[in-house]
Ligand code: UDP
């Protein structure tokens, strides 16, 4: 049986997290999941899969027309990604704080990208993780990666 949430409690959110192919290749999927769990978020779904053009085109639709889109899609299908749905109050903002800035060179120490990432001199910024950036993108992205949720 479920109990009603407290009237003043913020709504629980879900976010889509991807451990990108660089993270899986480097054996960091477990370390990244560990940080999500240690922060106190709940894992709702976890699946290792290799994405195709259709899924990645939809996932990155907002980057249509940007010069980094084609190399980004090539990178994202270069190996398996770990797709994760995590849940908790303010998990969307919370995971992006855990992840750190897009550029891993300047992402603060203590963050996933800051602790584990660096610049490899490649066309695409390989920064280990993706996290949804809003409630709307989270719902859209979870629908793409986990249509049964
Ligand atoms: N990206 C890139 N070059 C850029 C901007 C972005 O290679 O100039 C890649 C990078 O892997 C980034 C992803 O495209 O994580 C999506 O970009 P976004 O601006 O949404 O960054 P994020 O939300 O992942 O920090």
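Residue numbers (the UniProt record's numbering): 2 to 150.
Ideal placement from N, C-alpha and C gives every residue a C-beta, glycine not left out.
No experiment lies behind these values; they were computed from the predicted model shown.
- Message: Please classify residue 83 as buried or exposed, where buried requires at least 16 neighbouring CB atoms within 10 angstroms.
- Response: Around the Cβ of residue 83, a 10 Å sphere holds 16 or more other Cβ atoms; the residue is buried.
- Residues near residue 109 in its chain [Cβ-Cβ closer than 8 Å; skip 5 each side]: So the qualifying residues of the chain are 101, 102, 115.
- Count the C-beta pairs between the stretch 53-65 and the stretch 88-101 that are closer than 8 Å, then say yes if the count reaches three, no if not. In short, these stretches do not touch, since the Cβ pair count stays below three.
- Task: May I have the straight-line CA-CA distance separating residue 125 from residue 77, to the nearest angstrom?
- Result: In a straight line, the C-alpha of residue 125 is about 10 Å away from that of residue 77.
- residue 96: beta carbon under 8 Å from a heavy atom of ligand 1? False, no ligand heavy atom lies under 8 Å from that Cβ.
- Message: With a threshold of 7 Å on Cβ separation, who are the neighbours of residue 143 within its own chain once the five nearest residues in sequence on each side are excluded?
- Response: Once the five neighbours on either side are set aside, the close Cβ partners of residue 143 are 15, 17, 86, 150.
- Message: Need the endpoints of the beta strand (DSSP E) that residue 15 sits in, please.
- Response: Its beta strand (DSSP E) spans residues 13-20.
- Message: If you reduce the DSSP assignment to three classes, tell me which class residue 66 lands in.
- Response: If DSSP states are grouped into helix, strand and coil, residue 66 belongs with coil.
- Query: Would residue 64 pass as a contact of residue 73 if the rule is Cβ separation under 9 Å?
  - Reply: Taking 9 Å as the cut-off, the Cβ atoms of residue 64 and residue 73 count as close.
- Query: If you run the structure through DSSP and keep just helix, strand and coil, what is residue 112?
  - Reply: Collapsing the DSSP output to three states places residue 112 in coil.
- Verify whether the separation of the beta carbon atoms of residue 37 and residue 99 is less than 9 Å. Contact flag set, yes.
- Taking the alpha carbon of residue 41 as the point to measure from, which residue in 95, 24, 133 has its own alpha carbon closest? The option with the nearest alpha carbon to residue 41 is 95.
- Burial state of residue 29 (16 or more Cβ within 10 Å): Per the 10 Å Cβ criterion, buried.
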